[in-house]
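Residue numbers (the working numbering): 3 to 476.
Down below is the structure, laid out as structure tokens.
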């Protein structure tokens, strides 16, 4: 290793080229800051290369494949061939490469200095970057840590025991898959693999934090898809062999086992902070390696900030992206504020789930008097046209103030519709704010309109609300 004799001065150094890191870098460059972006592997981070994008390639494939089976109602011949897993993996590689090159070109266009190597803090204002025999030192005014986090292995590495990072990197389609967990990764994997032809068993070892009506619809859809669901299960261990994996579990006081070709298990996560010198300079970390930050995303060292998964607030790229933009604006002297109150969460199941704000249970626990209203997708004209009548929209409001507290839906188009709910909550909407606008007809959005109208018993495509006495129009 050759150590550089002089430190090179930099205004802003961003460590980590995932969604949070590169959004920080580009927004800062847009606002006039000189930016150096350091990444030890590939731009786009785990999200683009192994996580978010690969998973959505698979969930989209599952959605399209599922729809081919409904094609005959439109006069389209039903697809009878076996699913082509090899082609899917080729498409995934192509998509990932295209998006990664897009990020690279954006960084070049904004004149962001991109440095490849392992970064490590040397002091409060210096960082070293090692790449093979090259070692460079940068003196910075500000540094942003956006190094993400990683799953903690539940056992010794085995190719049949999958993590969130290897789940969608399989060269061959698993014949059978046991999915353990209730998080986003687990639910998306269970549905997408099942729809694409893998026989899936879902072992639930935790409680879902979904609106009860949405959870009910979820299990109905899981049963319809053919997923075997076992609830209230305590997993005791794995026994992998060359041909399969045996999962030992306890349910209702009885021990049992199940065998599959592969198993995916939700696991604990740890911040990627072990080898970047933060402890050396006194940056506060918790026991899981996550960085403690203030409301302005500043660590206890005034020149160092952190965003995204590495601060342990959320596992969503949505959060990291927003934090990165806010922080860049703050460092550029702009007025900006990080507020993660209304973060939409999307599960790309079949059909998808989208949720923002409080569930009715969370609202009740917060002391609110809650009223919910629902609208099923089967009453929606456009859902009927599309053959996508599975699903429901649930709206939650405060009975006293009419403030909308939560928007939850499962059904075709939910991932796009949730933006309307997020915008409404951000603007402090009341029930009338969801009723007043005109909604395109026919469209999936009308399920939200009808749910809002349902609060007053005025939904057109639902049965009349029974009352003790009907009003006399005369």
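Yeah, the Cβ is synthetic: ideal placement off N, Cα and C, and Gly gets one too.
Source: prediction; values computed, not measured.
Residue burial is scored here from C-beta neighbours: residue 276 has fewer than 16 other C-beta atoms within 10 angstroms and is therefore classed as exposed.
Rounded to whole angstroms, the Cβ separation of residue 163 and residue 242 is 6 Å, and the two are in contact under 8 Å. Residue range 256-262 is occupied by the beta strand (DSSP E) that includes residue 262. Non-local beta-carbon contacts of residue 443 in its own chain, meaning distances under 6 Å to residues more than five positions away in sequence, are absent. Straight across, the Cα-Cα distance linking residue 21 with residue 373 is about 37 Å. The way I'd put it, the stretch 175-186 does touch the stretch 261-275; three or more beta-carbon pairs between them come closer than 8 Å. When C-beta atoms of the stretch 290-303 are compared with those of the stretch 103-117, fewer than three pairs fall below 8 Å, so the two segments do not count as touching.
Distances from the alpha-carbon of residue 396 to those of 340, 227, 212 and 160 put 212 closest. Annotated as distal: residue 217 and residue 235, with beta-carbon spacing of 9 Å or more. Residue 147 and residue 202 have their alpha carbons spaced roughly 38 Å apart.
Under the three-state reduction of DSSP, residue 380 is assigned to helix.
Counting along the chain, residue 424 sits inside the alpha helix (DSSP H) bounded by residues 416-428. It is roughly 43 Å from the alpha-carbon of residue 53 to the alpha-carbon of residue 458. In the DSSP assignment, residue 57 falls within the alpha helix (DSSP H) that extends over 54-70. The C-beta distance from residue 57 to residue 170 rounds to 5 Å, short enough to fall under 8 Å.
Pairing residue 184 with residue 268 gives a Cβ-Cβ distance under 9 Å. For residue 436, the uninterrupted alpha helix (DSSP H) run begins and ends at 433-437, by DSSP.
Residues of the same chain with a CB within less than 7 Å of the CB of residue 332, apart from the 5 flanking positions on each side, are 298 and 338 in chain order. According to DSSP, residue 15 shares a beta bridge with 38 and 145. In the three-state scheme derived from DSSP, where H, G and I count as helix and E and B as strand, residue 240 is classed as strand. For a cut-off of 8 Å, the C-beta gap from residue 67 to residue 175 is around 12 Å, too long to register as a contact.
Setting aside the 5 residues that flank it on each side, residue 119 is surrounded in the same chain by 40, 42, 131, 132 and 133, each with a C-beta closer than 7 Å to its C-beta; the list follows chain order. Under the DSSP assignment, residue 235 falls outside any alpha helix (DSSP H); it carries neither an H nor an E label.
Unbroken alpha helix (DSSP H) stretches of 4 residues or longer found wholly inside the stretch 159-213: 186-197, given in chain order.
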